[in-house]
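Okay, structure first, notes after.
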Amino acid sequence: MKIDTKLSHIGRSTAQSMQSVSPPLVRTSTVVFPNLKVFKDSYSETVFESPRYGRSGTQTSFELQSAMAELEEAETCIATSCGLSAITAVLSSNSKSGAHVLINSGVYGPTEKFCTTELKKNGVECEFFDHNASVKSLIRPNTSIIFIEVPASITMELFDIREICEEAHKHNVPVACDSSWGTPIFFKPHSLGVDISIHAATKYINGHSDAMLGLITGSYKSLEPIREWCNNYGSHVSPDSCWLALRGLRTLSIRMQHHQRSTLKIVKKLQTLPQMLKIFYPPLSSGKQLELWETQFTGSAGPFTVELCSCSEIEFTEFIDSLKLFSLGTSWGGFESLVMPAIPHHLRNKAVMPDEGRLVRFHIGLEDPEDLFEDIHNALTQSGILS
Ligand SMILES: *Cc1c(COP(=O)(O)O)cnc(C)c1O
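So the sequence shown is numbered by this note's numbering: it starts at 1 and just counts up by one.
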């Protein structure tokens, strides 16, 4: 089955018995068993994959997990309460005191914060590497996991995933990847060698900015320590969020095609404005980055960052506040366009700011791209940045 066909048919196995198209929303804390044998058998099943107790899921979360495993071409999937909880479960369960963890610089801010606070408190050493580092030389005997996010948040660098995985696997080190930006439509992490793929399903998979959710995919073996950790720590996912994400999933492919078309149109027009000093968007990159882009992704999503020419605080404020179609807010992945002033964590840490401009992150939603470009153009004019 091609992916568009899959999207219509996966995750519907419990719908049939209800004579409905979509699976029912099952909310329960207590799971009741028809007899002792079924009760006992439930303990031989893998937790988070069959009904045992509400905390480890209901038919609704199992439907979403099986759908996501199919989309990611992975054996299994674990749903968690949000994207960050999926990341922290993966990192915590794969590092104990004394371990060394490799993470790319430029990761999602809260991921970096978790490493530098909680993991550090637990005696784990986190080392951040940048996109032109040789990961091979950084792996140590106590390296327990390599975590990458592609593209990196805000500055959007790509990494050579195939090479990182090859090196990691020579030392039996698992590789986890935050795959939220590419979605299963444009990015196939497991085919590049990634053991554990993570999605902030809050973003494109749900797609409507009305639910929080994380999804982790991989083989049973790779996900076993994570599953155990989630079970021991009382990780739980709301069936309502899973139901919404399953509904969002049906239109993931057509939404992504639209986000891609509109974003490409807009970044190309923005490139013609001298006030845009730089646009951080993988399809516009060059050299090795472009090569990585072309070999790892089959399409591009809606978030990108621009480096605006230097301007006064008043002009900058006026620009952001004059945007009418872009709401001011963090996050992305919904149907709506968003804007956010951005200072990447790693740049803040290293106290290196891009030359002189200000970084602004946009998310291009499903509105008409001409309206969106006009909105940006008007706001630039109104603020006096563009005269
Ligand atoms: C938003 C985001 C997350 C966190 O997801 P939440 O559901 O908000 O916790 C993780 N990774 C990336 C790349 C994100 O953009």
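C-beta: ideal position from N, C-alpha, C; glycine also. Predicted model, so just to flag it, every value in this text is computed and none were measured.
Item to complete: Take the Cβ of isoleucine 226 as the centre, count every other Cβ of all protein chains shown within 10 Å, and call the residue buried at 16 or more, exposed below.
Response: buried
Practice prompt. Specify the secondary structure class of threonine 143 as computed by DSSP and reduced to three states.
Written response: Here threonine 143 sits in strand by DSSP.
Item to complete: Measuring from each Cβ to the nearest heavy atom of ligand 1, keep the ones under 7 angstroms and list them in chain order.
Response: Cys82, Gly83, Leu84, Ser85, Ile87, Tyr108, Pro110, Thr111, Glu149, Ser153, Asp178, Ser180, Trp181, Ala200, Thr202, Lys203, Met212, Leu213, Gly214, Ser331 and Trp332
Discussion item. Can you confirm whether the region 79 to 91 touches the region 132 to 141 when touching is taken to mean that 3 or more C-beta pairs between the two stretches lie within less than 8 angstroms?
Written reply: no
Worksheet item: In terms of alpha-carbon separation, which member of Ser92, Leu213 and Thr295 lies closest to glycine 248?
Response: Leu213
Worksheet item: For isoleucine 10, which of helix, strand or coil comes out of DSSP?
Response: coil
Worksheet item: Quick one: is glycine 302 buried, meaning 16 or more other Cβ sit within 10 Å of its Cβ, or exposed?
Response: buried
Fill in: Simplified DSSP assignment, three categories, for valine 31
Coil.
Item to complete: May I ask which residues mark the beginning and end of the beta strand (DSSP E) holding glutamate 125?
Response: 125 to 129
Worksheet item: What's the C-alpha gap between serine 95 and arginine 55?
Response: 24 angstroms
Practice prompt. Would you mind stating whether isoleucine 161 and leucine 138 have Cβ atoms separated by less than 7 angstroms?
Written response: Isoleucine 161 is not a Cβ neighbour of leucine 138, given a cutoff of 7 angstroms.
Discussion item. For arginine 12, which residues in the same chain have their Cβ closer than 8 angstroms to its Cβ, ignoring the five residues on either side in sequence?
Written reply: Closer than 8 angstroms at Cβ, skipping near neighbours: Val21, Ser22, Pro23 and Glu63.
Worksheet item: Identify the residues that DSSP records as bridge partners of methionine 340: which are they?
Response: Arg361
Item to complete: Note down the Cα distance separating threonine 28 from lysine 288, rounded to an integer number of angstroms.
Response: Approximately 51 angstroms, taken between the alpha carbons.
Discussion item. Within the continuous beta strand (DSSP E) that includes serine 197, where are the two ends?
Written reply: 196 to 200
Worksheet item: Which one of Gln65, Ile343 and Leu372 has the shortest CA to CA distance from proline 239?
Response: Gln65
Discussion item. With three or more beta-carbon pairs closer than 8 angstroms as the criterion, would you say the region 256 to 267 touches the region 369 to 384?
Written reply: yes
Worksheet item: Where do the ends of the alpha helix (DSSP H) carrying aspartate 321 lie?
Response: 313 to 322
Worksheet item: When we look at the beta-carbon of serine 44 and count the other beta-carbons within 10 Å, is it buried (16 or more) or exposed?
Response: exposed
Worksheet item: Where alanine 201 and leucine 215 are concerned, what is the direct C-alpha to C-alpha distance, given to the nearest angstrom?
Response: 6 angstroms
Worksheet entry | Inter-residue Cα distance where the pair is serine 322 and glutamate 374 | 12 angstroms
Worksheet item: For phenylalanine 39, which residues from the same chain have a beta carbon less than 8 angstroms from its beta carbon, with the 5 sequence-adjacent residues on both sides left out?
Response: Phe33
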